[in-house]
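**Student:** At position 5 of the sequence shown the residue is numbered 5 (the UniProt record's numbering), and the sequence of numbers has no breaks. Note that beta-carbon positions come from the ideal geometry of N, C-alpha and C, so glycine has one too.
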Amino acid sequence: MDGGGPYTGVNNGRVVKYEERINGFVDFAYASSNGTKELCDGTNDPDLLAICGRTFDLEMYHRTNELCMMDAYYGLCVLRPEGESFKFSNALDIGQLPGDIYFADSSSINNLKYVQHVPEQPANLDTTARFLKYDYKTGMVAVLLKNLSLAGGVAISEDLSFILVSEFMGNKIWKYLLKGPKANTSEILLDIQHPGNIKRAPSGDFWVAVNFQTPNPVPAGIKINENDTILDMVSIGTPFNGVDISEVNEFGGLLFVVFPFASLGAVYKAREE
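1) If you compare alpha carbons, which of L97, P98, L150 is closest to N110?
2) According to DSSP, simplified to helix, strand and coil, what is K172?
3) Please work out which residues of its chain come closer than 7 Å, Cβ to Cβ, to L231, disregarding the five sequence neighbours upstream and downstream, and give them in chain order.
4) Taking the continuous alpha helix (DSSP H) assigned at P46, which residues delimit it?
5) State the Cα-Cα distance for the pair A129 and S106, rounded to the nearest angstrom.
6) Do the CB positions of K199 and A266 come within less than 9 Å of each other?
7) Alpha carbons only, please: which of A220, L254, I173 is nearest the one belonging to P239?
8) For a quick check, are the C-beta atoms of Y134 and L76 less than 9 Å apart?
9) Using only the alpha-carbon positions, how far apart do K182 and S161 sit?
10) Do A31 and R54 have their C-beta atoms closer together than 9 Å?
11) Taking I245 as the reference, which of F131, G152, Y102 has the closest Cα?
12) When DSSP labels each residue in this structure, what does K146 get in the three-state scheme?
13) Exposed or buried, E38, counting other C-beta atoms within 10 Å across all chains shown (16 or more means buried)?
14) Would you tell me roughly how many angstroms separate the C-alpha atoms of G24 and A72, rounded to the nearest one?
15) Is E158 helix, strand or coil by DSSP?
16) By a C-beta neighbour count over all protein chains shown, 10 Å radius and 16 as the cutoff for buried, is A270 buried or exposed?
17) Could you have a look at E38 and say whether DSSP puts it in helix, strand or coil?
18) Since D191 contacts N171 with CB under 8 Å, what's their CB separation in whole angstroms?
19) For the beta strand (DSSP E) that G196 lies in, which residues bound it at each end?
20) By DSSP, does L97 sit in helix, in strand, or in coil?
21) Assuming the contact rule is C-beta atoms closer than 8 Å, L189 and I173 should be a hit. Round their C-beta distance to whole Å, please.
22) For K17, does the count of other Cβ atoms within 10 angstroms reach 16, so buried, or fall short, so exposed?
23) What does the Cβ neighbour count give for F256, buried or exposed, with the cut at 16 atoms within 10 Å?
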């Protein structure tokens with residue numbers, strides 16, 4: 001990655017950057033200008049998070065070396081499209097050559113505070129999530145998929161021919177085609193329990209964060225290819241059972257694991273191909 005890293009958002013609107021093994025994770029940016037450490041550090045108060053922000057996904061646009069951020073409260077940062085209202089912005093990926101940004105708005109009516117109270121509130125009844133595209137040349141936003149139930153992951157294929165979109169409460173991973181005779185159509189690639197974010201692996205395949213319910217969440221990472229084949233599965237296991245997982249990202253031979261509502265993370269050694 002041209003901008004170094006990797007980067008991750010933490011539960012107080014802060015974005016941190018990993019600077020090798022000397023400095024570890026250091027502060028990089030804040031989603032909100034009001035997101036000071038004094039106000040936001042260590043908080044899980046939903047009302048404070050609405051002030052501080054909560055960044056869920058990051059992607060580097062290599063042409064300009066800019067970091068694009070999807071924040072649950074502040075939407076698409078760095079490149080912010082006009083004309084669309086976002087209630088719960090979540091995941092994104094960037095087509096590096098054209099510069100188009102594909103992203104998910106997890107709900108058109110509810111924010112992160114609502115989602116954090118599942119199952120007390122019936123978030124599974126919310127089918128207002130959307131999958132959208134920001135056109136770099138025109139600056140316009142288009143809705144590509146709608147009526148989704150908590151869309152939570154977006155990943156573009158290496159050859160820019162398709163995009164994977166996860167539907168957390170719908171228990172599905174969609175494949176949206178960008179090229180070929182079926183371009184601009186979608187199909188269900190995989191049925192799986194509560195898929196979170198999706199990240200492309202160095203191999204060109206994809207890591208998906210999943211939350212198996214037995215009945216409490218059992219976090220795991222699965223590696224899939226474009227033909228719905230599960231290539232690998234990593235059980236996150238103790239002490240993380242019962243904790244929701246949102247992302248598994250492979251970088252430098254390691255798997256970086258993100259938990260959206262807990263003050264912890266994990267790093268695993270990736271299996272060799």
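**Tutor:** The relevant details are as follows:
1) L150
2) strand
3) These residues qualify, in order along the chain: D205, K223, I224, N225.
4) 46 to 52
5) 5 Å
6) no
7) When each option's Cα is compared against that of P239, the closest is A220.
8) yes
9) 11 Å
10) Contact: yes.
11) G152
12) strand
13) When all chains shown are included, E38 counts as exposed.
14) 26 Å
15) coil
16) Counting Cβ neighbours within 10 Å, A270 comes out buried, since at least 16 surround it.
17) helix
18) Confirmed, about 6 Å.
19) Unbroken beta strand (DSSP E) run through G196: 195 to 200.
20) coil
21) 5 Å
22) buried
23) buried
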